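Engineer: Encoded as structure tokens, here's the structure I'll be asking about.
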Amino acid sequence: MRASFLKAFIALPLFLMVNSFAFAQNTSTPDGLVKFVVEDVMTTIKNDKAIQSGDLRKINALVDQKILPHSDFQKTTRLSMGRNWSKATPQQQAQITQEFKTLLVRIYGGALAQVKDQKVQYKPFRAAADDTDVIVKTAVVGKGEPIQLDYRLEKGPNGWKVYDINILGAWLIESYRNQFNDQVSKGGIDGLVKFLQDRNTALSTNK
Amino acid sequence: MTSRIINQFLKSFVVLTVLALSACASIQQTERVAKIDPFERVNRAVFSFNEVADDYVIKPAAEAYKFVLPEFVRTGVTNFFSNINDVLIAANNLLQGKPSNAVSDVGRFLVNTTIGIFGFFDVATDMGLDKNREDFGQTLAVWGVGDGPYIVLPFFGPSNVRDTVGLVVDIETDFMLNTNKLSSDEKIAVNGLRIINRRADLLDAGQLLEDAAFDKYSFLRDGYMQRRRSQIYDGEPPPMKEDE
Chain A
1 MRASFLKAFI
11 ALPLFLMVNS
21 FAFAQNTSTP
31 DGLVKFVVED
41 VMTTIKNDKA
51 IQSGDLRKIN
61 ALVDQKILPH
71 SDFQKTTRLS
81 MGRNWSKATP
91 QQQAQITQEF
101 KTLLVRIYGG
111 ALAQVKDQKV
121 QYKPFRAAAD
131 DTDVIVKTAV
141 VGKGEPIQLD
151 YRLEKGPNGW
161 KVYDINILGA
171 WLIESYRNQF
181 NDQVSKGGID
191 GLVKFLQDRN
201 TALSTNK
Chain B
1001 MTSRIINQFL
1011 KSFVVLTVLA
1021 LSACASIQQT
1031 ERVAKIDPFE
1041 RVNRAVFSFN
1051 EVADDYVIKP
1061 AAEAYKFVLP
1071 EFVRTGVTNF
1081 FSNINDVLIA
1091 ANNLLQGKPS
1101 NAVSDVGRFL
1111 VNTTIGIFGF
1121 FDVATDMGLD
1131 KNREDFGQTL
1141 AVWGVGDGPY
1151 IVLPFFGPSN
1161 VRDTVGLVVD
1171 IETDFMLNTN
1181 KLSSDEKIAV
1191 NGLRIINRRA
1201 DLLDAGQLLE
1211 DAAFDKYSFL
1221 RDGYMQRRRS
1231 QIYDGEPPPM
1241 KEDE
């Protein structure tokens, strides 16, 4: 009895250590990185009542700390803009990236606030060792139907970065192509910048 | 009875669409959009109608429903309708030449109907029998039928010509709409529950969509087309041709 208790006492921390060690190692692969970040974020939310009740300040801090370092928003924005990207001055490009990021972080935060007892299922990862652009497939399983959620990552000088996500079969960049294009054809690049600024202001005063 | 009404409704809608189109003044469209959504003007009108119907009738009903019933009951209702639908999903998998998926669907139905108590619990998923998503529109696509122009259906929402035909077949073969075990009043009640329950499942996502879209109409359209494409290829669509 006592021996088994002692064994568990020693084995548990050892197990945890090995586990976190394995995690730490795994972040060099795209699927390992996605798994590490997702689990980290989910655990944080589940242990934080303020986030669950929709505390935007805390959600934004969470996104800033845990998610942004692993994403490439500039690439997301550039690809969403398509050929309109080259029509914008570098300053406008920076502005658009910043505003789009603010909008997406807000929406992502809204989705995170809905996390309760969901679990994430990781689909088998297929890629060649020398691939630099890969897709990591997951499904969010809660009550009711699982939600398909895939991540597209690119390997850059600073490691793997997420630049596109797929929700229920639709890629974010592909979905925003027309949205950006419509605004640009209506009011040019300036019109787009203004549209994004107005949308973000409206959303931040709404809540 | 109900299905006949819906059928009539769809038919008259198609006629109306054609009529409206002949009177349709052109609106500014890019080449790409003109190809996929030539009926944009009519579609936008139907879309606005659906938004109003949702705001005033369906969404409030779904909110009340969600407020009154605890989550496990609503999940049970979702599972119940989903379980009955597994039979049609199996049939579609057979028609698409995917017999092993069909076997899994039938297995799901048997397990959930018995151990899962008439489908209220989805025990099959926990046992590793994953739910497949199939309908007749996807079967037509596998047979080689193209999307056709995008269409927004009254009440049903985003669709295209092929999926509208698929929907008519789905309705004709739907158990809850065609069973003679239920009177027509009972059918209306059961299918009303089905619609409200489904809408309640989507309530949380609604506001996010509202915030995310620059233009909700085209955002939903482009999302629908991508999602259908993904479903047709069972989540593994070949990369899109880059035209830019």
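Chains as they are written, first to last, in my numbering: chain A, 1 to 207; chain B, 1001 to 1244. C-beta atoms are modelled at their ideal positions from N, C-alpha and C, and glycine is treated no differently. A quick note: this is a predicted structure, and the numbers were derived from the prediction, not measured.
(1) For SER1158 of chain B, report the span of its beta strand (DSSP E) as first-last.
(2) Measure from the alpha carbon of GLY1206 of chain B to the alpha carbon of each residue in B:ALA1062, B:PHE1118, B:VAL1042, B:VAL1033, then state which is nearest.
(3) TRP171 of chain A bridges to which residues according to DSSP?
(4) Run the CB neighbour count on TRP171 of chain A, radius 10 Å, all protein chains shown included, and call it buried at 16 or more, exposed below.
(5) So, is the C-beta of SER1218 of chain B closer than 8 Å to a C-beta in chain A?
(6) Locate the alpha helix (DSSP H) running through TYR1224 of chain B, then write down its first and last residues.
(7) What does a CB cutoff of less than 6 Å around ILE147 of chain A pick up in its chain, not counting 5 residues either side in sequence?
(8) Locate the beta strand (DSSP E) running through GLY156 of chain A, then write down its first and last residues.
(9) Using a Cβ cut-off of 8 Å (strictly closer), state whether ALA1200 of chain B contacts chain A.
(10) I want to see whether chain B comes within less than 8 Å of GLY191 of chain A, judged by CB atoms only; does it?
(11) Verify the CB distance criterion: does GLY188 of chain A have a CB-CB separation below 8 Å to chain B?
(12) Relative to chain A, which residues along the region 1076-1092 of chain B have a C-beta separation below 9 Å, given in chain order?
(13) Considering only the alpha carbon of each residue, which of A:ILE135, A:GLN114, A:SER175, A:TYR151 lies closest to ASP1201 of chain B?
(14) Helix, strand or coil: which one does DSSP assign to VAL1145 of chain B?
(15) Closer than 8 Å, CB to CB, is ASP130 of chain A near chain B or not?
(16) Would you kindly check if the distance between the Cβ of GLU154 of chain A and the Cβ of ASP72 of chain A is under 8 Å?
(17) Would you say GLN197 of chain A lies against chain B (beta-carbon separation less than 8 Å)?
(18) Can you tell me where the beta strand (DSSP E) holding ILE1115 of chain B begins and where it ends?
(19) Counting only the same chain and skipping the five closest in sequence on each side, list residues whose C-beta sits under 8 Å from that of ALA1212 of chain B.
(20) Who are ASP40 of chain A's beta bridge partners in DSSP?
(21) Just verifying my parser: in three-state terms, what is the DSSP assignment at SER86 of chain A?
(22) At the 8 Å Cβ level, is LYS75 of chain A part of the contact set with chain B, yes or no?
(23) Spatial neighbours of GLN92 of chain A within its chain, please: CB distance less than 7 Å, with the 5 preceding and 5 following residues excluded, ordered by chain position.
(24) Shortest alpha-carbon distance to SER1082 of chain B belongs to which of B:ARG1133, B:LEU1095, B:ARG1229?
(25) So what does LYS161 of chain A bridge to, in DSSP terms?
(26) Looking at chain B, is there any beta carbon in it that lies within less than 8 Å of the beta carbon of ARG106 of chain A?
(27) Run down chain A in chain order and give the residues with a C-beta less than 7 Å from the C-beta of ARG1227 of chain B.
(28) Exposed or buried, GLN1231 of chain B, counting other C-beta atoms within 10 Å across all chains shown (16 or more means buried)?
(29) Run the CB neighbour count on PRO1158 of chain B, radius 10 Å, all protein chains shown included, and call it buried at 16 or more, exposed below.
(30) State yes or no: is the C-beta of LEU103 of chain A within less than 8 Å of the C-beta of ASN200 of chain A?
(31) Looking only at DSSP bridge pairs, what is ASP133 of chain A linked to?
(32) Excluding the five sequence neighbours on either side, which residues of its own chain have a C-beta within less than 6 Å of the C-beta of PHE1120 of chain B, listed in chain order?
(33) Under 8 Å between beta-carbons, which chain B residues line up against GLN183 of chain A? List them in chain order, please.
(34) Go ahead and label ARG1108 of chain B buried or exposed: buried means 16 or more other beta carbons lie within 10 angstroms of its beta carbon, across all protein chains shown.
(35) Whole alpha helix (DSSP H) runs in the region 1043-1128 of chain B with 4 or more residues, listed along the chain?
(36) Kindly indicate if chain B contains any beta-carbon less than 8 Å away from that of GLN93 of chain A.
Structural biologist: Judging by the given coordinates:
(1) Residue mapping note: residue 1158 of chain B aligns to position 158 of the second sequence, counting from 1. Note that residue 1158 of chain B corresponds to Pro in the displayed sequence, not to Ser. Unbroken beta strand (DSSP E) run through PRO1158 of chain B: 1157-1160.
(2) If you number the second sequence from 1, residue 1206 of chain B lands on position 206. Per the C-alpha coordinates, the member of B:ALA1062, B:PHE1118, B:VAL1042, B:VAL1033 positioned closest to GLY1206 of chain B is B:ALA1062.
(3) Locating residue 171 of chain A in the first sequence gives position 171, counting from the first residue. In the DSSP output, where bridge partners are listed per residue, TRP171 of chain A has A:ASN166.
(4) As a first step, residue 171 of chain A must be located in the first sequence, where it is residue number 171. Counting the other CB atoms within 10 Å of its CB gives TRP171 of chain A a total of 16 or more, which places it among the buried residues.
(5) Working through the second sequence from its first residue, we reach residue 1218 of chain B at position 218. Answer yes: the Cβ-Cβ gap between SER1218 of chain B and chain A drops below 8 Å somewhere.
(6) Translated into the one-based positions of the second sequence, residue 1224 of chain B becomes position 224. Run containing TYR1224 of chain B: 1216-1232, per the alpha helix (DSSP H) assignment.
(7) On the first sequence, position 147 is the one that residue 147 of chain A refers to. Sequence-distant partners of ILE147 of chain A (beyond 5 residues in either direction) whose C-beta falls short of 6 Å from its own C-beta, in its chain, are VAL140.
(8) If you number the first sequence from 1, residue 156 of chain A lands on position 156. GLY156 of chain A -> beta strand (DSSP E) spans 147-156.
(9) Sequence index remark: in the second sequence, residue 1200 of chain B carries index 200 (1-based). So, not an interface residue.
(10) Here residue 191 of chain A is taken as the residue at index 191 of the first sequence, counted from 1. Under the Cβ criterion of 8 Å, GLY191 of chain A is not counted among the residues facing chain B.
(11) The residue you call residue 188 of chain A lines up with position 188 of the first sequence. The beta-carbon of GLY188 of chain A is placed no less than 8 Å from the nearest beta-carbon of chain B.
(12) So the list reads THR1078, ASN1079, SER1082, given in the order they occur along the chain.
(13) In the second sequence, counting from the first residue as 1, residue 1201 of chain B sits at position 201. Measuring from the Cα of ASP1201 of chain B, the nearest candidate turns out to be A:GLN114.
(14) Counted from its first residue, the second sequence places residue 1145 of chain B at position 145. For VAL1145 of chain B, the secondary structure class from DSSP, reduced to helix, strand or coil, is coil.
(15) If you number the first sequence from 1, residue 130 of chain A lands on position 130. Closer than 8 Å: no.
(16) In the first sequence, residue 72 of chain A corresponds to position 72, counting from 1. In the first sequence, residue 154 of chain A corresponds to position 154, counting from 1. With contacts defined as CB atoms closer than 8 Å, ASP72 of chain A and GLU154 of chain A qualify as a contacting pair.
(17) Your numbering for residue 197 of chain A matches position 197 in the first sequence. No, GLN197 of chain A does not count as interfacial toward chain B.
(18) By one-based count along the second sequence, residue 1115 of chain B stands at place 115. No beta strand (DSSP E) contains ILE1115 of chain B, which DSSP labels as neither H nor E.
(19) Position 212 of the second sequence, counted from the start, is the residue given in the question as residue 1212 of chain B. For ALA1212 of chain B, where only same-chain residues beyond five positions count, the Cβ hits under 8 Å are PHE1219.
(20) The sequence position of residue 40 of chain A within the first sequence is 40, counting from 1. According to DSSP, ASP40 of chain A bridges with nothing at all.
(21) Counting from one through the first sequence, the residue named residue 86 of chain A turns up at place 86. Looking at SER86 of chain A - three-state DSSP - the assignment turns out to be helix.
(22) Taking the first residue of the first sequence as 1, we reach residue 75 of chain A at position 75. No, LYS75 of chain A lies away from the interface with chain B (no Cβ there is under 8 Å from its Cβ).
(23) As a position in the first sequence, residue 92 of chain A is number 92, starting the count at 1. These residues qualify, in order along the chain: ILE189, VAL193.
(24) If you number the second sequence from 1, residue 1082 of chain B lands on position 82. Cα-wise, what sits closest to SER1082 of chain B is B:ARG1133.
(25) Walking along the first sequence from the start, residue 161 of chain A turns up at place 161. Its beta-bridge partners are A:GLU154.
(26) On the first sequence, position 106 is the one that residue 106 of chain A refers to. Interface residue, yes.
(27) Locating residue 1227 of chain B in the second sequence gives position 227, where the first residue counts as 1. Here the neighbours are LEU168, GLY169, ALA170.
(28) On the second sequence, position 231 is the one that residue 1231 of chain B refers to. For GLN1231 of chain B, the number of other beta carbons within 10 angstroms of its own is at least 16, and it is reported as buried.
(29) On the second sequence, position 158 is the one that residue 1158 of chain B refers to. Counting of Cβ neighbours within 10 angstroms places PRO1158 of chain B among the buried residues, the total reaching 16 or more.
(30) Mapped onto the first sequence, residue 103 of chain A falls at position 103. Mapped onto the first sequence, residue 200 of chain A falls at position 200. Taking C-beta atoms as the reference points, LEU103 of chain A and ASN200 of chain A count as a pair closer than 8 Å.
(31) What you label residue 133 of chain A is simply residue 133 of the first sequence in a count that begins at 1. In the DSSP output, where bridge partners are listed per residue, ASP133 of chain A has A:GLU154.
(32) Residue 1120 of chain B sits at position 120 when you count from the first residue of the second sequence. Excluding residues within five positions, the ones whose Cβ falls inside 6 Å are GLY1076, ASN1079, PHE1080.
(33) Residue mapping note: residue 183 of chain A aligns to position 183 of the first sequence, counting from 1. Against GLN183 of chain A, the close residues of chain B are PHE1214, in the order they occur along the chain (beta-carbon pairs closer than 8 Å).
(34) As a first step, residue 1108 of chain B is located in the second sequence; it is residue number 108 there, counting from the start. ARG1108 of chain B should be labelled buried.
(35) Whole alpha helix (DSSP H) segments, 4+ residues: 1059-1068, 1071-1095, 1099-1114, 1123-1126.
(36) Locating residue 93 of chain A in the first sequence gives position 93, counting from the first residue. So, not an interface residue.
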